[in-house]
Ligand code: PEP
Ligand code: MN
């Protein structure tokens, strides 16, 4: 189990002004104590080995004293949006870096990722006439599970890079040493990112009347050009409606949610707070948190953790997911069968999804559960290029999404959204797309410190093909 202890200061409420005399928070305090007690009892996979437990305890105390990054009411609203997606009344677009880094949390990078997601959402909304729930893999996506805890390069073996929240990517002994201070840096980087996200999305930048603006600054290409046409049509429709006297607040601001993998529990637990309205616990590090394929053990600390917080929760499911285990997971994470509470993010692989997904969806549906199904077409399609880069082929990504739609449509269930690794930058990390990136291009601009991301153009292209599938 992870080290570090959690004394009573973790019982901070999300709303310090309220809470007195309400029955809820007392129950919350008990629940929070139980959550923290579980920290010492349960096996937690993929945790860093912190070198210094005293320093860790201090950091955990510091985190627990910080304000929440997100609020319970926002999380509840997202639960409702996810519920809408589970019945086909909305479509979820989750996207962002595989691994955010402290260095890349710049205004330009954040803006361009938001613009990319807004553009994709415009394409999906306009192309399929369905509201899009926009969720960034952002403002907290700093931790990575690894298939090996060490990495060897040219005969030198060092601890694996576990994300900026744990250690540094540079391949040196000192850099790879886990440093608990990084938990605090991750909080501040997340806070700054979220501040910019909130400013961009509520301060006018996301106003649909600026649909053209989101395309500015990106290198001209065929996907951009196609987007420009669509933006022109949207613009025209908006001006038509304005001329008719219609005026929607909904056009001016946008809901944009933050999501990340809840991996490092020494970060997630001290940011878990009691909602003073309800007495329930929320992980206030992000609106939506998910448990990864490598940490979703039924009796493990991660599933225990998410089962105790009230955020909308995701669980990644790979092709080997055991159906009975998945059913027991539903009982644990969503015992009340709350629509929107639980999302299964399937990542099967293009060649496997049509075989692996139907039985799973069938049994889950038969159990009476109301989960939201989202397709992650990235993680089942990773391979090493002939030039030695971890990559993915755009065609495989599209093919997995196509399989996802086919399976759900044939079962009468709902394809609720997609989960993709993307950047607003012009990187060369995934093969293919209209640009036809090939093996020898990968070295030109491979910047991810973990998995390969769709670049701006590939992201837009994906949005166009998914809009077509969604609109059918
Ligand atoms: C990820 O989303 O970056 C990831 C590690 O995914 P998975 O848990 O599905 O492998
Ligand atoms: Mn990844």
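Numbering (UniProt numbering), first residue to last: 8 to 479. Don't be surprised by glycine CBs; every beta carbon is placed ideally from N, CA and C. Quantities reported herein were computed from a predicted structural model and do not represent experimental measurements.
- Fully contained in the segment 324-395 are the following alpha helix (DSSP H) runs of length 4 or more, in chain order: 330-340, 360-373.
- Of the residues assessed, residue 202 falls on the exposed side of the cut-off, its CB having fewer than 16 other CB atoms within 10 angstroms.
- With respect to the 8 Å criterion, residue 377 and residue 93 are classified as neighbours on the basis of their beta carbons.
- Under the criterion of beta carbons closer than 8 Å, residue 183 and residue 175 qualify as touching, at roughly 7 Å.
- Take the alpha-carbon of residue 391 and the one of residue 453: they are about 13 Å apart.
- With a threshold of 7 Å, the Cβ atom of residue 437 does not count as near the ligand PEP, since no heavy atom of the ligand is closer than that.
- Around the Cβ of residue 457, a 10 Å sphere holds 16 or more other Cβ atoms; the residue is buried.
- The shortest C-alpha to C-alpha distance from residue 185 to any of 215, 213, 150, 224 is the one to 150.
- The Cβ atoms of residue 268 and residue 297 lie closer than 8 Å to each other.
- Put simply, the backbone Cα of residue 115 is about 23 Å away from that of residue 177.
- Here residue 219 is exposed, its C-beta having fewer than 16 other C-beta atoms within 10 Å.
- When beta bridges are read from the DSSP output, residue 265 appears opposite 143.
- Taking every residue with its beta carbon within less than 5 Å of a heavy atom belonging to the ligand MN gives, in chain order, 105, 458.
- Within 10 angstroms of the beta-carbon of residue 347 lie 16 or more other beta-carbons, which makes it buried.
- Your pair residue 142 and residue 295 checks out as a contact, with CB atoms roughly 6 Å apart and the cut at 8 Å.
- Contact between residue 272 and residue 308 holds, since their C-beta atoms are separated by about 6 Å, short of 8 Å.
- In this structure, the CA atom of residue 445 is about 29 Å from the CA atom of residue 237.
- When DSSP states are grouped into helix, strand and coil, residue 290 belongs to the strand group.
- By the criterion of a C-beta distance shorter than 7 Å, residue 222 is surrounded in its chain by 126, 231, 234, 235, 238, once the five residues flanking it on both sides are discounted.
- As the crow flies, the alpha-carbon of residue 137 is around 7 Å from that of residue 131.
- Proximity of the beta carbon of residue 268 to the ligand PEP is indicated: a heavy atom of the ligand is located closer than 7 Å.
- In the DSSP assignment, residue 468 falls within the unbroken alpha helix (DSSP H) covering 463-478.
- The residues 82, 289, 290, 294, 295, 296, in chain order, have a CB closer than 7 Å to that of residue 318 in the same chain once the five nearest residues on each side in sequence are set aside.
- If you draw a 10 Å sphere on the C-beta of residue 122, you find 16 or more other C-beta atoms in it, and that means buried.
- Looking at the backbone, the Cα of residue 204 and that of residue 374 are separated by about 38 Å.
- Here the segment 427-440 makes contact with the segment 399-410; the two share three or more CB pairs at distances below 8 Å.
- Contact check between the segment 189-198 and the segment 107-114: three or more CB pairs, one atom from each, fall below 8 Å, which counts as touching.
- If the five residues before and after residue 260 are omitted, its C-beta is found closer than 7 Å to the C-beta atoms of 208, 209, 213, all from its own chain and listed in chain order.
- Of the candidates 63, 67, 100, the residue whose Cα lies closest to the Cα of residue 423 is 100.
- The residue among 69, 164, 362 with its C-alpha nearest the C-alpha of residue 191 is 69.
- In the DSSP assignment, residue 423 falls within the beta strand (DSSP E) that extends over 422-428.
- Excluding sequence positions up to five before and after residue 321, its CB lies within less than 6 Å of the CB of 297, 350, 352, all in the same chain and listed in chain order.
- Residue 450 holds the alpha-carbon nearest to the alpha-carbon of residue 395 among 358, 354, 450.
- Within the same chain, 157 come within 6 Å of residue 164 by CB-CB distance, once the 5 residues on both sides are set aside.
- In this structure, the ligand PEP has a non-hydrogen atom nearer than 7 Å to the beta-carbon of residue 152.
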